[in-house]
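The next block holds one structure in the form of C-alpha cells; read it before the comments.
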Amino acid sequence: MATLSVSLDRAGRIPLSAQIYGSIRSAIESGQLAAGARLPSWSDLAAQLGVSRGTVRAAYERLIDEQFAIGLGAAGTRVATRPLPATTKWSPDAPPLPDLFYDFSTAPLAFQMGVPSQDAFPFKLWSRIQSRAARRAAAAPVGYPDPRGEPELRQEIASYLAVSRGLRCSPSQVFVTAGFAGALNLAIRGLQMEGRQAWIEDPGFPLTRTALGLAGMTVAGVPVEADGLDIDAGSRIAPEASLAVVTPGQQAPLGMTMSLPRRIALLDWAKQRDGWIIEDDYLGELQLKGRAAPALASLDPDGRVLHIGTFSKTISPALRLGFLVVPLSMARRLGEIAASLAPAPTASVQHAVTEFMHDGHYLRHLRRMKRLYAARQTALVRCLNELASESISVHAAAGMTVVAALPQSVSDTDIASRARLFGLAPVPLSPWYTRKPAQQGLLLGVTNSDERTVAANCSRLLEIVRGHH
Ligand SMILES: Cc1ncc(COP(=O)(O)O)c(C=O)c1O
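Using our numbering, the letters of the sequence shown map in sequence onto residues 3 to 471.
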C-alpha cells in the first residue's frame, strides 16, 4: 500500500477533493508513487485526513478519469503505468527564416522591403470597415463558412482580375487563401508533384524554393534575362521538370517583365511537358512605371496556369490574405483540398476586403500608392546615384525596391547585418540566387523611404558598405 502525505489547507479556496487530487497527481508524476502502487481505500484516507469518504472518492474518480489511476472495483485503486513526463528544457523561441524577415509585427525600418507604406496606410477608413466586418461576422450563423472563401469576395476578386489583370475567370475558380504562401500550398497539393522536378527563377523568392523543397520536389534554378525566364536554359538544366513557378509581371527581385514571346514559349513548354505553371503575381497591377502587363494566365489557352495574387503588398501582410485561381477542370479537386486541409481564413477579414474592393477603395488606394512609391523610388535612386561610387551602384528600380549592386569582393549578408545595428534593413541579394557565385547586392525597399530621411539613410548605408570594403 502506498504511503501518502497529503496536507490540506482547510481555510483556502481550493476544494478539499481538488487538493487531494493535486497531491496524489504530483506524487505520481514525480515518480514518488510508483506504477502499480495501491492507493489507500476511500475510508482509510478519509479517516486519515479527517474528510468525508465522498471527498476522497471525488479525488480518486478524477485521477481515474484522467488516466493517472485505474479503478479495480473491490480490488481498490492503483497507480496507472504511464511514461514519466518528459523533462523538456525550453530553448529560446527562434523565429523561422531570420535572414529574410526581421522582427515580426514591428514597424518597418528604413529600406525594409516587402511591406507597404506605414504612413500612407488609410488607417481610419480601414478600421471603420474592419469594425463593420467584425460585427457582420459576429451576427452570422454559427455554421461552417465556405472553405473556398466567402462568395462575395471571390466575386470581387474575379471582377478585379478581369478589369486589372486581363484575366477572365468565374468565382468558382477562385480560392481565398492565407496569402501567397497559403495559395502556393493549395496549388502544390492540387498538382500532386511530389518527387518531380520544378523550375524556379534564379534569382528568385527564397520562400518559393523552400516551399517546393518541403513539398518533396527537386528544385532547379533557371536564369532570368532582361525579357524573363531563360526557357532554353531551363530545358538544358532540368529537362524533366514539369512545373515552373514564375513572377512574370515584375520579376522578384530584379523587376523585369516577361516579354510576350517568352510567355508564349513558356506556355508551349508547359503544353509539351504536360506540365504546369504557377504564376506568382505578388505585385499585381502595382507597377510604378507605366502600366502592368496582363497576367500570364490571361494568355493560357490550355488551362495550365495557376494564378496567385496576394493582398500583402497592396493592403497589408498582416491580413494574411491572398487568392489562387485555377483552371476550371481543377476547381472541384481544389475545393476538396481547401475543405480538408486549407480552408479560407476568417470571414471577418474577408468581409472587410470585400467592402474595400466593392466600394472602390482598393483601386483608389492602389493608384495613390503607385504615385507615392514612384516618387519615393525616384528620390532614392537620385540619392544613391549622387553617392554612387565603386562601392555601390544603382542597378535598377525593381518592383517596390531599388537593387544596388555591390562589388563581388564584399559580403552582402555581412553588410545587411551591420546595417541592422544602425536601424537600416536592406535585404541581401545573394540568398535569392541558386547559382554560385551569387551576385552581391542590396535590395532597398522604397515604400517607407521618407523624403526627409532618405539622404541621411543613404549616406549611412554607404559608410557601412565602405567600412566593409
Ligand atoms: C515573390 C514574392 N511572392 C509572394 C510574396 C508574398 O507572400 P504572402 O502573400 O505570403 O505575404 C512575396 C513577399 O515578399 C514575394 O516577394
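Cβ coordinates follow ideal geometry from the N, Cα and C atoms, glycine included.
Shown here, Ala407 sits in a strand according to DSSP, grouped into three states. Annotation: the stretch 146-209 contains the following complete segments of the alpha helix (DSSP H) (minimum length 4 residues), in chain order: 153-166, 181-193. Distances between the C-beta of Asp282 and the heavy atoms of ligand 1 include at least one below 7 angstroms. Under the three-pair Cβ rule at 8 angstroms, the stretch 142-149 does not count as touching the stretch 276-291. Within the stretch 267-339, the runs of beta strand (DSSP E) at least 3 residues long that lie entirely inside it are, in chain order, 278-282, 307-312, 324-327. In this structure, the C-beta of Thr403 stays at least 7 angstroms away from each heavy atom of ligand 1. Contact between Gln120 and Ala135 does not hold, since the beta-carbon distance rounds to 22 angstroms and is not under 8 angstroms.
Where Thr356 is concerned, the enclosing alpha helix (DSSP H) starts and stops at 349-360. Counting other Cβ atoms within 10 Å of its Cβ, Asp361 stays below 16 and is therefore classed as exposed. In terms of CA proximity to Pro98, Leu209 leads the group Val224, Ser395, Leu209.
C-alpha of Pro409 to C-alpha of Gly192: approximately 43 angstroms in a straight line.
Judged by their CB atoms, Ala295 and Val307 are not nearer to each other than the 8 angstroms cut-off. Inclusion of Ala185 and Val247 in the CB contact set at 8 angstroms is not warranted, their separation being larger than that value. Remark: the shortest separation between the CB of Ala254 and any heavy atom of ligand 1 falls under 7 angstroms. Around the CB of Glu203, 16 or more other CB atoms lie within 10 Å, so the residue is classed as buried.
With a beta-carbon spacing of about 36 angstroms, Leu382 and Leu188 fall beyond the 8 angstroms limit used to define contacts. The C-beta distance from Leu290 to Gln379 rounds to 6 angstroms, short enough to fall under 8 angstroms.
Membership of Val396 in the beta strand (DSSP E) is indicated by the continuous run 395-400. For Ala217, no beta strand (DSSP E) segment is defined, and its DSSP state is neither H nor E. In the structure shown, Glu31 falls within a helical segment according to DSSP collapsed to helix, strand and coil. Counting C-beta atoms within 10 angstroms of its own C-beta, Arg293 has fewer than 16 neighbours from the protein chains shown and is therefore classed as exposed. In this structure, DSSP gives Gly75 a helical state, which the three-state scheme calls helix. Excluding residues up to 5 positions away in sequence, Arg198, Gln199, Ala200, Trp201, Ala222, Gly236, Arg275, Gly277 lie with their Cβ nearer than 8 angstroms to the Cβ of Ala243 in the same chain. A distance criterion of 7 angstroms places the beta-carbon of Ala183 in contact range of ligand 1, judged by its closest non-hydrogen atom. Sixteen is the threshold: since fewer than 16 other Cβ atoms of the shown chains lie within 10 Å of the Cβ of Trp92, the residue is exposed. Separation of the CB atoms of Gly230 and Met260 is rounded to 3 angstroms, and the pair is thereby assigned contact status at 8 angstroms. Taking the C-beta atoms as reference points, Leu323 is found no nearer than 8 angstroms to Pro345.
Distance between Ser161 and Pro329, taken at the CA atoms: about 16 angstroms. Here Leu444 is bridged, per DSSP, to Ala406, Pro430. Under the three-state reduction of DSSP output, Ala135 falls in the helix class. Placement of the Cβ of Phe207 at a distance of less than 7 angstroms from at least one heavy atom of ligand 1 is found.
Distances between the C-beta of Pro319 and the heavy atoms of ligand 1 include at least one below 7 angstroms. A distance below 8 angstroms separates the beta carbons of Thr455 and Ala112. Distances from the CA of Glu68 to each of Glu31, Asp270, Pro319 were compared; the closest alpha carbon is that of Glu31.
Distance between Phe106 and Thr79, taken at the CA atoms: about 51 angstroms. According to the DSSP assignment, Val58 belongs to the alpha helix (DSSP H) that extends over 55-67.
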